[in-house]
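Asker:
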Amino acid sequence: MGITGLARWTNAPTNGLKLIDDNIRQNHNGQLRGRWQLSARSYRSTLGSIGGAGAGPPLERSMCLLTMNENVFVSLEDPCAPTRADLAYHASQSQTAIADPTHYRNTFLTLSPPGALEQLLSLLRARWISTKQAAGNAAQYKQTAAQLTVEGNVYSVGTDWIVRAGNVILAGGAVKGMLLEAEYLPVPTMSSQEGGGSSGLLSSLLVSVLPNLPDAKTEAVTISDDQWEDVLWDRETDDQNKSAAVKQKLGSGDELFVSPEDDVPRHSKGDWAGVDRDRRSAYLIIGALRSDGLI
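The sequence shown: position 233 = 312 (the working numbering), numbered continuously.
1. For a quick check, are the C-beta atoms of Trp88 and Gly231 less than 8 Å apart?
2. May I have the straight-line CA-CA distance separating Gln172 from His107, to the nearest angstrom?
3. Give the secondary structure of Ile103 by DSSP, where H, G and I count as helix, E and B as strand, and everything else as coil.
4. Beta-carbon separation of Gln226 and Ala119 under 8 Å?
5. Is any heavy atom of the ligand SAM found at a distance shorter than 7 Å from the C-beta of Pro161?
6. So the candidates are Asn185, His169, Leu285; which of them puts its Cα closest to the Cα of Asn102?
7. Could you work out which residue in Thr162, Gln110, Ala91 is closest to Gln306 when comparing CA atoms only?
8. Alpha carbon to alpha carbon, how far is Val229 from Asp165?
9. Using 8 Å as the threshold, is the C-beta distance between Val288 and Leu259 below it?
10. Name the residue from Gly81, Gly113, Leu190, Asn94 whose alpha carbon lies nearest to the alpha carbon of Phe152.
11. Please identify the residue among Glu197, Leu196, Glu156, Met142 whose C-alpha is closest to the C-alpha of His182.
12. Pair every Cβ in the stretch 91–102 with every Cβ in the stretch 244–254, then say whether three or more of these pairs are closer than 8 Å.
13. Can you have a look at Asn148 and say buried or exposed, based on whether 16 or more other CB atoms are within 10 angstroms of its CB?
14. Taking 6 Å as the limit between beta carbons, can you name the residues of its chain near Glu262, skipping five residues before and five after?
15. When DSSP labels each residue in this structure, what does Leu144 get in the three-state scheme?
16. Please work out which residues of its chain come closer than 7 Å, Cβ to Cβ, to Gly372, disregarding the five sequence neighbours upstream and downstream, and give them in chain order.
17. Do Thr146 and Ile208 have their beta-carbon atoms positioned less than 8 Å apart in this structure?
18. Name the one or two DSSP bridge partners that Ala244 has.
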């Protein structure tokens, strides 16, 4: 698995998938490898409005779920919680220590198997409902059907590229454009060379697989390396790394030998491999669907 790039074709015609299929097969000698299928749904908290009267519009915690293969990727947002950047800024402006919050504004989780989260919420009688339901609906978890699906194809182009293209389909059957993803297999990680977090290599391939239509509206879906590092942040891992650094500093004075294993490259958190590749892809897809108001 390698690095990936994502694009959204918002005004794709009903035969958009067929046009891309023809383009990949005829102009890139691509081969069909299988189906690309994702499902997404979102929930909101029913704990009531956050904030009192006169505090502006009510703020609600939201939760978006994206099912990809055997994993479910969950994006939670609490608008009243600080971001790590907010906390760092206030700490720099304050002369007294600021206590760490119980959680930050955004949390991104990976769960397995699909359906387990809904079962847990139901058992706990957690106050979350689908964003498409009224707050008084008692059947919160009797229907777990996706609010939308992404259905399309997976292609290989040569030995280095994987291309995924799929229609975004709402529960009622309406098609809301397409998603396209390109994966460059030889490289497991790559720093973003452009300010927006995109890669020219990936962008070029995505543009080349799109049919040549004059009114096509496409946009790249990106995230910078710094933003992704913030998404990957984990309190427990951070504390463990700090403790390990202190121990290493205290015990490094008399060390004369270094294990050869220290020079062996290892898969590190953030590399675009395995579930980490899927996590980054899922985060971008959730962001794209959210920005279009589809979940």
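The C-beta atom is built at its ideal place from N, Cα and C for all residues, glycine as well.
Predicted, not measured: the structure shown is a model, and the values here were computed from it.
Answerer: Per the coordinate set shown:
1. Taking 8 Å as the Cβ cut-off, Trp88 and Gly231 do not qualify as a contacting pair.
2. Going by the C-alpha atoms only, they are around 55 Å apart.
3. Three-state DSSP puts Ile103 in a helix.
4. Cβ distance < 8 Å, so Gln226 and Ala119 count as in contact.
5. Among the ligands in the structure shown, none appear at all, so the ligand SAM cannot be discussed.
6. Nearest option by C-alpha distance: Leu285.
7. Answer by Cα proximity: Thr162.
8. Separation of Val229 and Asp165 (C-alpha to C-alpha, rounded to the nearest whole angstrom) is 35 Å.
9. Contact flag set, yes.
10. Of the candidates Gly81, Gly113, Leu190, Asn94, Leu190 places its Cα closest to the Cα of Phe152.
11. Answer by Cα proximity: Glu156.
12. Yes, the stretch 91–102 touches the stretch 244–254.
13. With fewer than 16 other Cβ atoms within 10 Å, it is exposed.
14. So the list reads Gly81, Thr83, Ile241, once near-sequence residues are dropped.
15. Collapsing the DSSP output to three states places Leu144 in a strand.
16. Taking C-beta separations shorter than 7 Å and ignoring five residues to either side along the sequence, Gly372 has no partners in its chain.
17. Result no, Cβ atoms of Ile208 and Thr146 do not sit closer than 8 Å.
18. DSSP, once it has assigned bridges, lists Asn232, Leu259 as partnering Ala244.
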